[in-house]
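Undergrad: FYI, our numbering numbers position 221 of the sequence shown as 223, with every residue one higher than the one before it. Please see the structure below; I have some questions.
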Amino acid sequence: MSLRADAVLFDKDGTLFEFGATWDAWGRKTLMALSGGDAALMAALAQASGFDLVNQRFTADSPVIAGTNRQAAECLASALPHRSADEVEAHLLGTADDAPLVQAVPLLPLLSDLRALGLALGVMTNDAEAAARIHLRKAGVEQQFAFIAGFDSGHGAKPDPAPLLAFSTATGIAPARIVMVGDSEHDLVAGRGAGMQTVAVLTGPIREDRLAPHADVVLPDIGHLPSWLAA
């Protein structure tokens, strides 16, 4: 079978895992913990992090969606006069393991099928690498990936294309033969900057009209990848 690519690099949150189902409940719990029950402080934290307290979810323009843990910590710390960004970041890292992971599609059969096609697989997330590995391990798919990197892995963070190019170097596969799959502009801009093919998925909070200008195709979820790769 002739395929469009030789490798696929995935974003994690909003791509491998449903963003809202996984992170919205965690976000509310985190804001409650950081605010200590102070309603005014919780409102300030919600505004700083782009969290809709009425609908209990992160908004599409939230800096938490595509940013690094550090960027999220800095946003939250701006509303916490007595907590440093370092302290907030430590709290985020310490609680991320408790997020209720919801797979966008059953991951193990999909990833196994992609590997059976001869594709090299990787993950590049703006989450911390240790947290990413824990999440992938909990989902039973860590071993499916030849490359797993976070913002703190030494390659940089999206939208910089450098961490994507690190995957190319690690696998020996030319960027043009790699597909970057993600649910945010950060993912797709990084992919385009690296000279990769780009696929957007709609399992995050960002709408198709914002993603389409940066993507070769927009798919409902990663379950549609095999047929697109073979087209």
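Where is the CB? At the ideal position from N, CA and C, for every residue including glycine.
With DSSP run on the structure shown, which of helix, strand or coil describes Q199?
TA: Q199: strand per DSSP, three-state reduction.
Undergrad: List the residues that DSSP assigns as beta-bridge partners of V10.
TA: L123 and V181
Undergrad: Give every residue of the same chain whose Cβ lies closer than 6 Å to the Cβ of V90, excluding the five residues on either side of it in the sequence, and list them in chain order.
TA: A75, L78 and A79
Undergrad: If I measure Cβ to Cβ from Q49 and keep anything under 8 Å in the same chain, skipping five residues before and after, which residues do I get?
TA: Taking Q49 as the centre and dropping the five residues before and after it, the same chain places the C-beta of A81 closer than 8 Å to its C-beta, in chain order.
Undergrad: Any idea if S186 is buried or exposed, counting beta-carbon neighbours within 10 angstroms, 16 or more meaning buried?
TA: buried
Undergrad: Between the Cα of D218 and the Cα atoms of P207, W230 and R209, which residue gives the shortest distance?
TA: Checking every option, the nearest Cα to that of D218 belongs to W230.
Undergrad: For D129 versus D15, is the C-beta distance shorter than 8 Å?
TA: Their beta carbons are under 8 Å apart, which means D129 touches D15 by this criterion.
Undergrad: What is the residue span of the alpha helix (DSSP H) that V90 lies within?
TA: A87 to T97
Undergrad: What separation, rounded to the nearest whole angstrom, lies between the Cα atoms of P65 and A9?
TA: 29 Å
Undergrad: Nearest CA to the CA of K140: which residue from A101, V220 and D40?
TA: A101
Undergrad: Can you give me the start and stop residues for the beta strand (DSSP E) that V220 sits inside?
TA: Element bounds for V220: V219 to L221.
Undergrad: Measure the alpha-carbon distance for D13 versus T127 and round it to whole angstroms.
TA: 5 Å
Undergrad: In terms of alpha-carbon separation, which member of A159, A232 and D211 lies closest to A196?
TA: Minimum Cα-Cα distance from A196 among the listed residues A159, A232 and D211 corresponds to A159.
Undergrad: Taking the continuous alpha helix (DSSP H) assigned at A81, which residues delimit it?
TA: Taken as a continuous stretch (DSSP letters only), A81 belongs to no alpha helix (DSSP H), as it is neither H nor E.
Undergrad: With a CB to CB cut of under 6 Å and the five nearest residues on each side skipped, what residues in its chain are close to I136?
TA: D99
Undergrad: What do you get for G156, buried or exposed, if any count of 16 or more other CB atoms within 10 angstroms of its CB means buried?
TA: exposed
Undergrad: Considering only their Cβ atoms, is the gap separating L221 from V191 smaller than 8 Å?
TA: It is not a contact, given that the beta carbons lie outside the stated cut-off.
Undergrad: Count the other C-beta atoms from every protein chain shown that fall within 10 angstroms of the C-beta of D63, then say buried if there are 16 or more, exposed otherwise.
TA: exposed
Undergrad: In angstroms with no decimal places, state the Cα-to-Cα distance between R117 and Q199.
TA: 18 Å
Undergrad: Taking the alpha carbon of R179 as the point to measure from, which residue in D26, G193 and D189 has its own alpha carbon closest?
TA: G193
Undergrad: Helix, strand or coil: how does DSSP classify A130 here?
TA: coil
Undergrad: Just to confirm my understanding: we take T70, look at its own chain, exclude 5 residues before and 5 after, and list those with CB closer than 6 Å. What are they?
TA: Hits under 6 Å: N128, F153 and A159.
Undergrad: What's the gap between the Cα of I175 and the Cα of A23?
TA: For I175 and A23, the distance between alpha carbons rounds to 34 Å.
Undergrad: Do T173 and A134 have their C-beta atoms closer together than 8 Å?
TA: no
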